[in-house]
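*Asks:*
There are 2 protein chains.
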Amino acid sequence: MNPEDRAGFFARTQDLNLDDYLLLDYRFECSGDPELAAAHLCSEQSTAQWQRVGVDEDLRPQFAAKVLELEVIATQDEYSYPIPSTGNGRISVCQVRIAHPHGNFGPRLPNLLSAIVGEGPFFTPGIGLIRLEDIQFPETFLQHFQGPQFGIAGIRRALDAYDRPIFFGVIKPNIGLPPDAFADIAREAWLGGLDIAKDDEMLADPDWSPLAKRCASLGQVCREVAEQTGRPKWYLANITDEVDRLCDLHDVAVECGAGALLVNALPVGLSAVRMLRRHAQVPLMAHFPMIASFARLAHFGIHSRVLTRLQRLAGYDVVIMPGFGPRMMTPEQEVMDCVRACSEPMGPIKPCLPVPGGSDSAATLPGVYAKMGTVDFGFVPGRGVFAHPDGPHAGAASLLQAWAQIRGE
Amino acid sequence: MNPEDRAGFFARTQDLNLDDYLLLDYRFECSGDPELAAAHLCSEQSTAQWQRVGVDEDLRPQFAAKVLELEVIATQDEYSYPIPSTGNGRISVCQVRIAHPHGNFGPRLPNLLSAIVGEGPFFTPGIGLIRLEDIQFPETFLQHFQGPQFGIAGIRRALDAYDRPIFFGVIKPNIGLPPDAFADIAREAWLGGLDIAKDDEMLADPDWSPLAKRCASLGQVCREVAEQTGRPKWYLANITDEVDRLCDLHDVAVECGAGALLVNALPVGLSAVRMLRRHAQVPLMAHFPMIASFARLAHFGIHSRVLTRLQRLAGYDVVIMPGFGPRMMTPEQEVMDCVRACSEPMGPIKPCLPVPGGSDSAATLPGVYAKMGTVDFGFVPGRGVFAHPDGPHAGAASLLQAWAQIRGE
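As you go down the protein sequences, you meet chains A and B in turn. Every letter in the first sequence is one number past the one before it in this note's numbering, and letter 328, counting from 1, is 328. In short: position in the second sequence from 1, add 409, done, that's this note's numbering.
1) Determine whether the beta carbon atoms of residue 39 of chain A and residue 28 of chain A lie at a separation below 8 Å.
2) Under a three-way DSSP split, which group does residue 501 of chain B fall into?
3) Who are the near neighbours of residue 123 of chain A in its chain, counting only those whose CB is closer than 8 Å to its CB and skipping five residues on each side?
4) For residue 236 of chain A versus residue 285 of chain A, is the C-beta distance shorter than 8 Å?
5) For residue 470 of chain B and residue 420 of chain B, I'd like the C-alpha separation in whole angstroms.
6) Is residue 62 of chain A close to chain B, meaning its C-beta is less than 8 Å from at least one C-beta of that chain?
7) Between residue 214 of chain A and the rest of its own chain, which residues show a CB-CB distance below 6 Å, the 5 nearest in sequence each way excluded?
8) Tell me the rounded alpha-carbon separation between residue 377 of chain A and residue 183 of chain A.
9) From the DSSP secondary-structure annotation, give me the bridge partner or partners of residue 30 of chain A.
10) For residue 430 of chain B and chain A, any beta-carbon pair shorter than 8 Å?
11) Per DSSP, what are the beta-bridge partners of residue 430 of chain B in this structure?
12) Rounded C-beta distance between residue 41 of chain A and residue 121 of chain A? I'm assuming under 8 Å.
13) Strictly by DSSP, which residues pair up with residue 71 of chain A?
14) How many Å lie between residue 26 of chain A and residue 70 of chain A at the Cα?
15) Cα separation between residue 555 of chain B and residue 260 of chain A?
16) Can you give me the start and stop residues for the beta strand (DSSP E) that residue 575 of chain B sits inside?
17) Residue 490 of chain B touches chain A at which residues, Cβ-Cβ below 7 Å?
18) Applying the 10 Å Cβ sphere with the 16-neighbour rule, what's the burial state of residue 776 of chain B?
19) Under 8 Å, with one C-beta from each stretch per pair, do the region 127-144 of chain A and the region 356-372 of chain A reach the 3-pair mark?
20) Could you confirm whether any beta carbon from chain B is found closer than 8 Å to the beta carbon of residue 399 of chain A?
21) Check the Cβ of residue 532 of chain B against every Cβ in chain A and list those closer than 8 Å, keeping chain order.
22) In chain order, what residues of the same chain have a beta carbon less than 8 Å from the beta carbon of residue 571 of chain B, not counting five sequence neighbours either side?
23) Using a beta-carbon distance cut-off of less than 7 Å, what residues from the region 671-685 of chain B approach chain A?
24) What residue ranges within the region 694-770 of chain B form continuous alpha helix (DSSP H) runs of no fewer than 4 residues, ordered along the chain?
25) Could you work out which residue in B:773, B:735, B:798, B:713 is closest to residue 750 of chain B when comparing CA atoms only?
26) Could you tell me the distance, in whole angstroms, from the CA atom of residue 81 of chain A to the CA atom of residue 808 of chain B?
27) Bridge partners of residue 234 of chain A, per DSSP?
28) What does residue 388 of chain A touch in chain B if you count any residue whose Cβ is under 8 Å from its own?
29) Taking just the CA atoms, how far does residue 226 of chain A sit from residue 711 of chain B?
30) Name, please, each residue of chain B whose Cβ falls closer than 8 Å to the Cβ of residue 187 of chain A.
31) Does DSSP put residue 550 of chain B in a helix, a strand or coil?
32) If distances are taken between C-alpha atoms only, which option among B:640, B:708, B:510 comes closest to residue 488 of chain B?
33) Assign residue 67 of chain A to buried or exposed, taking buried as 16 or more other Cβ atoms, counted over all protein chains shown, within 10 Å of its Cβ.
34) I think residue 510 of chain B touches residue 428 of chain B, with their Cβ atoms under 8 Å apart; what is that distance to the nearest whole Å?
35) Give the residues from the region 188-210 of chain A that approach chain B closer than 8 Å (Cβ to any Cβ), ordered along the chain.
36) Just to confirm the assignment, what range does the alpha helix (DSSP H) spanning residue 399 of chain A have?
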């Protein structure tokens, strides 16, 4: 790419109509000239070949992704992780902000993903390692999406739960119990004080616990406990399944009394979630399988905050994410980036409830609350409630006790 | 986990009915005892808590994932990539084969993914880095899937193309041309000898090139060229879009004369592909956006061969994958692993056509053919055809000339 060609992939912010562009922040490591690498990064994710042979045209003004800012933040002798065949010489570590014209594909999640984390960014000449760090959408793009139906405010109203976290519990044993036994332990935990007893993200619609039968059992018990305690209670059913079953399973689960539904975002795909959102009568909650496979490492893949934003955009009311503590192997900064992505301004899209999870119990509640600095979160122990030595009732009660203590009550 | 508990996550192959299990090969790096880490790896991906408090039961015989083989292949001072909070001490590099009971979730792709690359494997205590290296399915699982409808043999029959690779070309400029101009350059390439002129994986259904209009133009031209040359020709339309549009776009495209359809596997989700497969009247072709984000690194994420197997299982007739050469940053061994995954025995599931792609042209055909060692592959240049200095007709013809030369004709 000669210098003149390269210039077609650079622009000044003030020269663009930002309504037409997504803003993408990548960190990349390259061998060779960083400006050339950044130009290729734009070219590969948009107008790879911007003119026909023998035709005097340039498709880039409208269709090219364009570098707005490029900074070399470090140089080093080697790539941060060993990778195959990436050229020689010193490595430049760069941050780049790119304006990507969303009119190239329109307000469609699969096409968005194909452009921003597809072949373009991950196979750009000269760039051996790259991570999509963040994304911003203009309102012209956001207005095509529904986002969360209920959001934090809607969930609080429905659960009549204010000025405190929402207390979830993952019913355990998660795999192997028949519906009635499963309902019995959920009953105890609801009676102990849980707002929401939930299916594990791996418990779906197997023959030893068919979703319809499980929802019938748990829906019935949930109604009984709500009546008995005078408190709203939700059973959160996991309807993660093949995408052409999602709407039917929604109907079955809601009919039986599920108050909210869990759908594993990446395994079904964000687009399937968006489809379900159009149909949904109850809040949708995301779980995070697969995300770590591309979000764990600091210098390669996709920052989990990007996935949080996309889950919110797809219509989730609640996003469960890897939380604090060594077991979840997620830096505190990253957890907080994801938490903030749930509530940061996003045009007409409502905030969703963040649920940082992982090996929690009454003992970890004060620390999580301190880090969150707000009551707007969900707390989701599993074994911390259901393996409590005195049983699930005591496990759930221990959360409320811990909260009362935090509040000095 | 005490030694007795640990034993519940180990088994001997001869003691299991392998019809009931998927076989999963992981490579992992752990601090601490490798046997304990492997037991946790099984526990976390299946029966995390295998008994109720106060109940004398053990759900593991039926529901636990179980270690069949464990080998420590190296020890080292540090993890291969720096990661947050992973304990102290020497790191063991391990290979493990796990039998995972598929009855935990049934023959459903989203639930399969949630188990094998979900929270379990990526958040196992003690395991800082892990990669799913391979998967094998028993026929009892495979029999629930359709797999490819046409497969390699069906594609050859329809294209009347035997004893040679199938010649694809990615129409370029990929983004920005209106349908009629796009059809004009496709015409040249078909006349030059391409079997299949295809949309770029980023070209979908935008207002400047609506799919229906594009398919009408290219379908018409494709029929004209087929008649003129007496050779079957396909237009491969990219219908990647929101999942609830896939079947409708299939109908529109096929009605207009698209001979095959491209769908980006991970962006729409494998389950949506499986849904489309049930509906499809023409071959389905996969492209690879997103896969590199978890498959690039040797010691973390998911080996791309696993994705090849899953794409075949979901029903793709053709799988485009990162091919040979430095630009694609994929070791030759890995390309060949993916190629083999297209044709290795898989019960009732037909072979699919591998298309290793990336910056190809007539000049790279001999090398690719030599590496493949078979004619059963697709060859997919983009700029190698459509940026040929003498135009797309000459670009396409150059492929056939290169092939004739290889065959000494």
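C-beta atoms are modelled at their ideal positions from N, C-alpha and C, and glycine is treated no differently. If you're wondering where the values come from, they're calculated on a predicted model, not measured in any experiment.
*Replies:* Concretely, from the data shown:
1) Stepping through the first sequence from its first residue, residue 39 of chain A is reached at position 39. Stepping through the first sequence from its first residue, residue 28 of chain A is reached at position 28. Not in contact: residue 39 of chain A and residue 28 of chain A (Cβ atoms no closer than 8 Å).
2) For the purposes of this step, residue 501 of chain B is taken as the residue at position 92 of the second sequence. DSSP places residue 501 of chain B in strand when its eight states are reduced to three.
3) The count along the first sequence starts at 1 and reaches residue 123 of chain A at position 123. Here the set comprises 44.
4) For the purposes of this step, residue 236 of chain A is identified with residue 236 of the first sequence, where counting begins at 1. For the purposes of this step, residue 285 of chain A is identified with residue 285 of the first sequence, where counting begins at 1. A contact, by the Cβ cut-off of 8 Å.
5) By one-based count along the second sequence, residue 470 of chain B stands at place 61. By one-based count along the second sequence, residue 420 of chain B stands at place 11. Answer to the nearest angstrom: the Cα atoms are 10 Å apart.
6) Counting from 1 along the first sequence, the entry for residue 62 of chain A is found at position 62. A Cβ of chain B is located within less than 8 Å of the beta carbon of residue 62 of chain A.
7) Position 214 of the first sequence, counted from the first residue, corresponds to residue 214 of chain A. These residues qualify, in order along the chain: 179.
8) Counted from its first residue, the first sequence places residue 377 of chain A at position 377. Counted from its first residue, the first sequence places residue 183 of chain A at position 183. If you take the alpha carbons of residue 377 of chain A and residue 183 of chain A, they lie about 25 Å apart.
9) Translated into the one-based positions of the first sequence, residue 30 of chain A becomes position 30. As DSSP reads the structure, residue 30 of chain A sits in a beta bridge with A:92, A:127.
10) The residue labelled residue 430 of chain B in the question sits at position 21 within the second sequence. Output row for residue 430 of chain B: interface = no.
11) Here residue 430 of chain B is taken as the residue at index 21 of the second sequence, counted from 1. Beta bridge pairing from DSSP links residue 430 of chain B with B:510.
12) Walking along the first sequence from the start, residue 41 of chain A turns up at place 41. Walking along the first sequence from the start, residue 121 of chain A turns up at place 121. The C-beta distance from residue 41 of chain A to residue 121 of chain A rounds to 6 Å, short enough to fall under 8 Å.
13) Position 71 of the first sequence, counting from 1, holds the residue named residue 71 of chain A. A:95, per the DSSP bridge assignment.
14) Taking the first sequence and counting its residues from 1, the one referred to as residue 26 of chain A is at position 26. Taking the first sequence and counting its residues from 1, the one referred to as residue 70 of chain A is at position 70. The C-alpha of residue 26 of chain A lies about 10 Å from the C-alpha of residue 70 of chain A.
15) Mapped onto the second sequence, residue 555 of chain B falls at position 146. Mapped onto the first sequence, residue 260 of chain A falls at position 260. Their Cα atoms are separated by approximately 32 Å.
16) As a first step, residue 575 of chain B is located in the second sequence; it is residue number 166 there, counting from the start. 575-579 is the extent of the beta strand (DSSP E) around residue 575 of chain B.
17) For the purposes of this step, residue 490 of chain B is identified with residue 81 of the second sequence, where counting begins at 1. Residues of chain A whose Cβ lies closer than 7 Å to the Cβ of residue 490 of chain B are, in chain order, 81, 297.
18) For the purposes of this step, residue 776 of chain B is taken as the residue at position 367 of the second sequence. Note on residue 776 of chain B: under 16 other CB atoms within 10 angstroms of its CB, so exposed under the neighbour-count rule.
19) Flag = no, the region 127-144 of chain A and the region 356-372 of chain A do not touch.
20) Residue mapping note: residue 399 of chain A aligns to position 399 of the first sequence, counting from 1. Residue contact with chain B for residue 399 of chain A: absent (no Cβ-Cβ distance below 8 Å to any residue of chain B).
21) What you label residue 532 of chain B is simply residue 123 of the second sequence in a count that begins at 1. Neighbours of residue 532 of chain B on chain A, chain order: 292, 322, 327, 328, 329, 358.
22) Here residue 571 of chain B corresponds to residue number 162 of the second sequence, with the count starting at 1. Within the same chain, residue 571 of chain B has close Cβ partners 565.
23) For the region 671-685 of chain B, residues whose beta-carbon sits nearer than 7 Å to a beta-carbon of chain A comprise 673, 676, 677, 678, 680, 681, 683, 684.
24) Fully enclosed alpha helix (DSSP H) runs of 4 or longer: 701-704, 713-723, 741-752.
25) As a position in the second sequence, residue 750 of chain B is number 341, starting the count at 1. Between residue 750 of chain B and the set B:773, B:735, B:798, B:713, the nearest pair of CA atoms involves B:713.
26) Position 81 of the first sequence, counted from the first residue, corresponds to residue 81 of chain A. Position 399 of the second sequence, counted from the first residue, corresponds to residue 808 of chain B. Note on geometry: alpha-carbon atoms of residue 81 of chain A and residue 808 of chain B lie some 37 Å from one another.
27) For this step, residue 234 of chain A is matched to residue 234 along the first sequence. Partner(s): A:196.
28) The residue given as residue 388 of chain A occupies position 388 in the first sequence. Near residue 388 of chain A (Cβ distances below 8 Å), the residues of chain B are 462.
29) For the purposes of this step, residue 711 of chain B is taken as the residue at position 302 of the second sequence. For the purposes of this step, residue 226 of chain A is taken as the residue at position 226 of the first sequence. The straight-line gap from Cα to Cα measures roughly 44 Å.
30) As a working note, residue 187 of chain A is residue 187 in the first sequence. For residue 187 of chain A, no chain B residue has a Cβ inside 8 Å of its Cβ, as the nearest lies near 13 Å away.
31) Within the second sequence, residue 550 of chain B is the residue found at index 141, counting from 1. When DSSP states are grouped into helix, strand and coil, residue 550 of chain B belongs to the helix group.
32) If you number the second sequence from 1, residue 488 of chain B lands on position 79. If we check each option's Cα against that of residue 488 of chain B, B:708 comes out closest.
33) Along the first sequence, read from residue 1 onward, the residue named residue 67 of chain A stands at position 67. With at least 16 other beta carbons inside 10 angstroms of its own, residue 67 of chain A counts as buried.
34) The residue you call residue 510 of chain B lines up with position 101 of the second sequence. The residue you call residue 428 of chain B lines up with position 19 of the second sequence. With a beta-carbon spacing of about 10 Å, residue 510 of chain B and residue 428 of chain B fall beyond the 8 Å limit used to define contacts.
35) Cβ contacts with chain B come from 200, 201, 202, 204, 205, 206, 207, 208.
36) As a position in the first sequence, residue 399 of chain A is number 399, starting the count at 1. Counting along the chain, the unbroken alpha helix (DSSP H) around residue 399 of chain A starts and ends at 392-406.
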